[in-house]
Each structure stands twice: as C-alpha cells, then as structure tokens.
Amino acid sequence: MDVMDAILKRRSIRAFTDEPVPDEAVEKLLEAARWAPSGGNRQFWRFIEVRDSRRLDMIKMFSAGLKGDPTLIIAICAKISEPMNLLDMGMASENIMLEAVELGLGSCAIASYSEKPVKQLLEIPDDMELVLLLSIGYPDEKPTPRPKKPLDEIAFSEKFGEGFRS
Numbered sequence: 001m002d003v004m005d006a007i008l009k010r011r012s013i014r015a016f017t018d019e020p021v022p023d024e025a026v027e028k029l030l031e032a033a034r035w036a037p038s039g040g041n042r043q044f045w046r047f048i049e050v051r052d053s054r055r056l057d058m059i060k061m062f063s064a065g066l067k068g069d070p071t072l073i074i075a076i077c078a079k080i081s082e083p084m085n086l087l088d089m090g091m092a093s094e095n096i097m098l099e100a101v102e103l104g105l106g107s108c109a110i111a112s113y114s115e116k117p118v119k120q121l122l123e124i125p126d127d128m129e130l131v132l133l134l135s136i137g138y139p140d141e142k143p144t145p146r147p148k149k150p151l152d153e154i155a156f157s158e159k160f161g162e163g164f165r166s
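If you count the sequence shown from 1, position 147 lands on 147 in the UniProt record's numbering, and the numbers rise without skipping.
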C-alpha cells in the first residue's frame, strides 16, 4: 500500500472486534511513532501501550470521547514546554494511525478525557502531560468517507485567496 492509499483508507474507527492486537503489530505502531519528525530531533514524546482489560475499562470510564471497546490504547505523553512539541505529538499520532491502516487495524484519536485520573491510572509523572489517547483494534465497522472540502477552497497559489493553480 502506498502512503496516499493509507491516507484515503484511514477512518476514525469506534467499533472493534475482541481480537487482540498482536505484540508484533504494537511494535510496528510504536516504531512508526518513533520515526516521526520532531523539532530539533528532541523526541520529547513517550508512549504507553495499554492492553489490560481492567485498565482499558478504567480509561473508558474517564474518557467521554472513547467509544467502543478497543483492545489497545496508546497513550501519548510529553513535556509540553514549547508549542512545537504538540505538533510533534500530532505527527507521531498520524504515523501510528497510518501504520494501523497498513496492518488492517482501525484507530481513533481521543482528546476528550479527564486527564488527572487517567494520568494517575497510567502513573504518568507530574512533569509530563497526557496529550492524546489512540484507541486501536480490529475494525468492526466500515465507515464511509466523510465529505472533504474541494482543494480549490482550501489551497492557494503564492498568496492567500489566490486560486490554486488557476
């Protein structure tokens, strides 16, 4: 699969089968994150794989945005001392989600959660922030593509408002 195929295939999956994600797949997902670009190659990110069913249930209790029953959650943490670090976390997250497509997995980025109890549950140090949760598993749904704005409405040539390649 080429990159554009993975981009076009990726959907936010909220319904999962109960089939566990194999260790090898988790390693590939984390390798994809590790190879994401980061400002100054500082790699401030930290990733926590969560597969224990009790812990997954607890995270779900504190995460209004978490739907379905993923068999894996990857918590993405960082010291957010500079705004650029947040961009780095976004690039690492997208790498994980695209690799998930390649592996036949579904994923959904979750930013709606109560940070304090989830941080306590995962024993994330006080100097680190929980940036994002990624719910991951084998999809039990096939959502249709969401409408996207046309390219000539969102992209410009040379200056803002100038038609794209017009």
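Even for Gly, the Cβ is constructed at its ideal location relative to N, Cα and C.
Tell me whether the beta-carbon of Phe-44 lies closer than 7 Å to the beta-carbon of Asn-85. Cβ distance < 7 Å, so Phe-44 and Asn-85 count as in contact.
**Prompt:** DSSP three-state call for Pro-70: helix, strand or coil?
**Reply:** coil
Checklist entry - Does the Cβ of Ile-59 have 16 or more other Cβ atoms within 10 Å, making it buried, or fewer, making it exposed? => result buried
**Asked** Residue ranges of each beta strand (DSSP E) run of no fewer than 3 residues wholly in the UniProt domain "Nitroreductase" (7 to 54), ordered along the chain?
**Response** 46 to 50
Taking the C-alpha atoms as reference points, what is the distance between Gly-104 and Arg-51?
18 Å
Check your understanding: Using CA coordinates, which residue listed in Glu-158, Ser-157, Pro-145 is at the minimum distance from Ile-7?
Key -> Pro-145
Note to self: Quick check on DSSP: helix, strand or coil for Pro-125?
What the structure shows: Coil at Pro-125, not helix or strand.
Can you look up Ser-81 in the DSSP assignment and give me helix, strand or coil?
For Ser-81, the secondary structure class from DSSP, reduced to helix, strand or coil, is coil.
*The beta strand (DSSP E) with Ala-109 in it runs from where to where?*
106 to 110
*Buried versus exposed call for Ser-107 [16 or more other C-beta atoms within 10 Å across all chains shown]*: buried
Through-space distance from Ala-100 to Pro-70, alpha-carbon basis | 13 Å
| message | Starting from Leu-151, trace the alpha helix (DSSP H) in both directions and tell me its first and last residue. | response | 151 to 154
Please determine if the region 8 to 25 and the region 125 to 141 are in contact, where contact requires at least 3 C-beta pairs separated by less than 8 Å.
yes
Assuming contact is defined by CB atoms lying nearer than 7 Å, are Arg-10 and Met-97 in contact in what I supplied? yes
message: I need the DSSP call for residue 254, collapsed to helix, strand or coil.
response: The structure shown does not extend to residue 254, since the chain is modelled only from 1 to 166, so the question has no answer here.
- Message: Can you give me the C-alpha to C-alpha distance between Val-3 and Glu-102, rounded to a whole angstrom?
- Response: 9 Å
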